[in-house]
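**Q** Handing you this structure, nothing more for now.
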Ligand SMILES: Nc1ncnc2c1ncn2[C@@H]1O[C@H](COP(=O)(O)OP(=O)(O)O)[C@@H](O)[C@H]1O
Ligand SMILES: [Mg+2]
């Protein structure tokens, strides 16, 4: 069944998961806000009933009732905040995994920094949902209740409360209006700073060795200063409005008392009602005032939510693809153009070739001629900007990732192994099949090399673990590429760091893979892999100069221009 998911289905699912918590919060908020009438009612009763009658029994009974109501209020408030804290966790749990998967599958976040930003956004949203802000936003809608009651006591009081709230809302809008541009710009600068920091961290060795630390620190702190300046500016403006609104509220409260007193003097309301109205209006204004205070956090959460929704939506394609048969390795590339993420123009265009299953093609060309770009497109890391790549007739997007991944063996130009054991790395972190791992390692000629390491296949790689040389990494990367006998093996300059033994092992591995029926595409600078090839593809300046059987291409191109063979 082919089915397009509706836009943002993950976000929708996360919101749906939070729905019970949301309804519970609304229900609790209703009761909590009704219980808030306790104070004003108690006041009216005490002033207008107890004091004139001087009846202590009534006072005691009323106080008991009020006490019980306040205790209930406290308990409900506690439960409500716990529900909200949990809804933050539910929301996070529903989104975190799909988000990370989306970011890692590279379909959504095109750069590393964007991916990191998405994870920060998720943290920020959870903090917002679990913090004190949502309570405020839950209480605000009940404000009309308090205004209505004040109105019942005297329309003048209701009108005054409405006017007061109108003023506070105007201040809220002003906060949004003055802080939003600065906060937007701050978040853009924060992303830029994170990007600078991430590249410098990743290349700490060269940064230290070449004495670039202070210059990189300057660069980073330039962006960081921008973030701080913009955030300070936004916070300054928000603080100004918060203090205006606090002052405004104090004046409003006393003004209300004055109005109540005036009405009481003219015997429009009782003295009890005067105090109670003051309390009611205070209650009506409080959530509105708190909304003003939390507005900045709300805006930031909203921006984070919008970014997350965009990332999640960008990664959504047809989720359920019809199961295609496992590919055998016919490759056909038609008028392919590839544009690197965020690049202005295609780094590669006009590439067309066909390979039958079991053929080996070597891609040659100078540095920067587009070899790696072509290879990233062939393994579905970058999508074609034009044209198509077909594997057994189907475009790469038509395969479900879990079908395509095992069918492809990819060795990137710069091999990085992931944190974990060597065995796990070779098995691509899937179910560990020791036999398949050893067979891949044997094929890549690294079995003995691995056994000589302290813990053999269980040697941990990465920080705190074993550090491998470039050549060792490349050969273990080759074993990872060969794992599970993929139909299409794509290697980007696999012999760049290899010594003669390594090169011989590589040639042997490729022969074995070809004998096993795999289609092989390798890029290289060196002659060794050219002489093995069935087909040659010559790249110049991002275009295809020539493609054909090896002998034919070598004949037509002077070996000097090829700079190989
Ligand atoms: N991530 C990238 N973003 C933008 N441009 C890129 C990126 N990677 C490569 N390019 C550009 O694509 C062209 C081909 O590069 P590449 O495919 O890496 O060449 P080769 O592997 O043959 O040395 C170069 O001009 C390079 O500047
Ligand atoms: Mg390259």
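Numbering (the working numbering), first residue to last: 32 to 596.
Just so you know, even glycine gets a beta-carbon here, dropped at the ideal spot from N, CA and C.
Since we're looking at a predicted model, the values are computed, not measured.
1) Report the option in 491, 400, 458, 85 whose CA atom is closest to the CA atom of residue 513.
2) Would you say the stretch 362-382 touches the stretch 413-422, given that touching needs at least three Cβ pairs under 8 angstroms?
3) For residue 403, is the beta carbon positioned less than 7 angstroms from some heavy atom of ligand 2?
4) Measuring only the C-alpha atoms, how far is residue 122 from residue 157?
5) Taking the C-alpha atoms as reference points, what is the distance between residue 349 and residue 443?
6) Which of helix, strand or coil does DSSP assign to residue 184?
7) Considering only the beta carbon of each residue, do residue 315 and residue 203 sit closer than 8 angstroms?
8) So residue 584 packs on residue 394, CB below 8 angstroms; how close in whole Å?
9) Count the other C-beta atoms from every protein chain shown that fall within 10 angstroms of the C-beta of residue 278, then say buried if there are 16 or more, exposed otherwise.
10) Who are the Cβ neighbours of residue 471 in its own chain at under 8 angstroms, not counting the five residues just before and after it?
11) On the three-state DSSP scale, how would you describe residue 53?
12) If you compare alpha carbons, which of 473, 313, 177 is closest to residue 282?
13) Could you check if residue 146 belongs to the surroundings of ligand 1, using beta carbon to heavy atom distance under 7 angstroms?
14) Go ahead and label residue 486 buried or exposed: buried means 16 or more other beta carbons lie within 10 angstroms of its beta carbon, across all protein chains shown.
15) Considering just the uninterrupted stretch of the beta strand (DSSP E) at residue 523, what are its terminal residues?
16) Nearer than 7 angstroms: is that true of the beta carbon of residue 341 relative to any heavy atom of ligand 1?
17) Look at the alpha carbon of residue 169 and the alpha carbon of residue 311, and state the distance between them as a whole number of angstroms.
18) Can you tell which of 164, 74, 224 has the C-alpha that lies nearest to the C-alpha of residue 326?
19) Given a threshold of 16 other Cβ atoms within 10 Å of its Cβ, counted over all protein chains shown, does residue 600 qualify as buried or as exposed?
20) Can you give the Cα-Cα distance for residue 44 and residue 125, rounded to whole angstroms?
21) Should residue 380 be labelled buried (16 or more other beta-carbon atoms within 10 Å of its own) or exposed?
22) Sort 576, 343, 100, 320 by Cα distance to residue 129 and report the nearest one.
23) Excluding the 5 residues flanking residue 493 on each side, which residues of the same chain have their C-beta closer than 8 angstroms to its C-beta?
24) So, helix, strand or coil for residue 463, using DSSP?
25) If distances are taken between C-alpha atoms only, which option among 195, 338, 209, 243 comes closest to residue 219?
26) Consider the C-beta atom of residue 505 and the heavy atoms of ligand 2; say whether any pair is separated by less than 7 angstroms.
27) Nearest-angstrom Cα distance between residue 386 and residue 433?
28) Exposed or buried, residue 392, counting other C-beta atoms within 10 Å across all chains shown (16 or more means buried)?
29) Once DSSP output is grouped into helix, strand and coil, what is the label at residue 166?
30) I need the straight-line Cα distance from residue 319 to residue 149, nearest angstrom please.
31) Do you know offhand how far residue 431's Cα is from residue 356's?
32) Distance check for residue 561 and residue 573, CA to CA, integer angstroms please.
33) Kindly confirm or deny that the stretch 238-254 and the stretch 299-308 touch, where touching means at least three C-beta pairs closer than 8 angstroms.
34) By the three-class DSSP mapping on this structure, what secondary structure does residue 9 have?
35) Residue 540: which of 473, 502, 193 sits nearest, CA to CA?
36) Considering only C-alpha positions, which residue in the set 519, 230, 166, 565 is nearest to residue 111?
**A** Looking at the coordinates:
1) By one-based count along the chain shown, residue 513 stands at place 482. Per the Cα distances, 458.
2) Output reads yes: the stretch 413-422 touches the stretch 362-382.
3) Position 372 of the chain shown, counted from the start, is the residue given in the question as residue 403. At least one heavy atom of ligand 2 lies closer than 7 angstroms to the C-beta of residue 403.
4) Against the chain shown, residue 122 aligns to sequence position 91. Against the chain shown, residue 157 aligns to sequence position 126. Straight-line Cα distance between these residues: approximately 7 angstroms.
5) Your numbering for residue 349 matches position 318 in the chain shown. Your numbering for residue 443 matches position 412 in the chain shown. A caution first: residue 349 carries a pLDDT of 49, below 50, which makes its placement in the model too unreliable to give a value.
6) By one-based count along the chain shown, residue 184 stands at place 153. Looking at residue 184 - three-state DSSP - the assignment turns out to be helix.
7) To locate residue 315, count along the chain shown from 1; it is residue 284. To locate residue 203, count along the chain shown from 1; it is residue 172. Cβ atoms of residue 315 and residue 203: not closer than 8 angstroms.
8) By one-based count along the chain shown, residue 584 stands at place 553. By one-based count along the chain shown, residue 394 stands at place 363. With a Cβ gap of about 11 angstroms, residue 584 and residue 394 do not count as contacting.
9) Within the chain shown, residue 278 is the residue found at index 247, counting from 1. Exposed: under 16 other Cβ atoms inside 10 Å.
10) Against the chain shown, residue 471 aligns to sequence position 440. Once the five neighbours on either side are set aside, the close Cβ partners of residue 471 are 457, 510, 511, 513, 514, 515.
11) On the chain shown, residue 53 is found 22 positions in, with the first residue counted as 1. Here residue 53 carries a helix assignment [DSSP, helix/strand/coil].
12) Residue 282 sits at position 251 when you count from the first residue of the chain shown. It is 313 whose Cα lies nearest to the Cα of residue 282.
13) Taking the first residue of the chain shown as 1, we reach residue 146 at position 115. Using a cutoff of 7 angstroms, the CB of residue 146 does not count as near ligand 1, since none of the ligand's heavy atoms is closer than that.
14) Residue 486 sits at position 455 when you count from the first residue of the chain shown. Burial call: exposed.
15) Mapped onto the chain shown, residue 523 falls at position 492. Start and end: 519-523.
16) In the chain shown, counting from the first residue as 1, residue 341 sits at position 310. Residue 341: no, Cβ never under 7 angstroms from ligand 1.
17) As a working note, residue 169 is residue 138 in the chain shown. As a working note, residue 311 is residue 280 in the chain shown. One Cα belongs to residue 169, the other to residue 311, and the distance between them is close to 18 angstroms.
18) Residue numbering aside, residue 326 sits at position 295 when the chain shown is read from its first letter. Ranking 164, 74, 224 by Cα distance to residue 326 puts 164 first.
19) Because the chain is modelled from 32 through 596, residue 600 falls outside the range shown and cannot be assessed.
20) The count along the chain shown starts at 1 and reaches residue 44 at position 13. The count along the chain shown starts at 1 and reaches residue 125 at position 94. If I take the Cα positions, the gap works out to 7 angstroms.
21) In the chain shown, counting from the first residue as 1, residue 380 sits at position 349. Classification for residue 380: buried.
22) Against the chain shown, residue 129 aligns to sequence position 98. Answer by Cα proximity: 343.
23) Taking the first residue of the chain shown as position 1, residue 493 is located at position 462. Residues of the same chain with a CB within less than 8 angstroms of the CB of residue 493, apart from the 5 flanking positions on each side, are 448, 449, 450, 451 in chain order.
24) To locate residue 463, count along the chain shown from 1; it is residue 432. Residue state, collapsed to three classes: coil.
25) Numbered from its first residue, the chain shown carries residue 219 at position 188. Taking only the C-alpha atoms, the option nearest residue 219 is 338.
26) As a working mapping, residue 505 is identified with position 474 in the chain shown. No, Cβ of residue 505 sits at least 7 angstroms from all heavy atoms of ligand 2.
27) For this step, residue 386 is matched to residue 355 along the chain shown. For this step, residue 433 is matched to residue 402 along the chain shown. Their Cα atoms are separated by approximately 23 angstroms.
28) Taking the first residue of the chain shown as 1, we reach residue 392 at position 361. For residue 392, the number of other beta carbons within 10 angstroms of its own is at least 16, and it is reported as buried.
29) Residue mapping note: residue 166 aligns to position 135 of the chain shown, counting from 1. Residue 166: helix per DSSP, three-state reduction.
30) Against the chain shown, residue 319 aligns to sequence position 288. Against the chain shown, residue 149 aligns to sequence position 118. When the Cα atoms are used, residue 319 and residue 149 turn out to be separated by approximately 31 angstroms.
31) Indexing the chain shown from 1 puts residue 431 at position 400. Indexing the chain shown from 1 puts residue 356 at position 325. Distance between the alpha carbons of residue 431 and residue 356 is about 11 angstroms.
32) As a position in the chain shown, residue 573 is number 542, starting the count at 1. As a position in the chain shown, residue 561 is number 530, starting the count at 1. If you take the alpha carbons of residue 573 and residue 561, they lie about 20 angstroms apart.
33) Judged by Cβ distances under 8 angstroms, the stretch 238-254 makes no contact with the stretch 299-308, as fewer than three pairs qualify.
34) The first residue shown for the chain is 32 and the last is 596, placing residue 9 beyond what the model contains.
35) Walking along the chain shown from the start, residue 540 turns up at place 509. Checking every option, the nearest Cα to that of residue 540 belongs to 473.
36) Along the chain shown, read from residue 1 onward, the residue named residue 111 stands at position 80. For residue 111, the nearest C-alpha among the options comes from 166.
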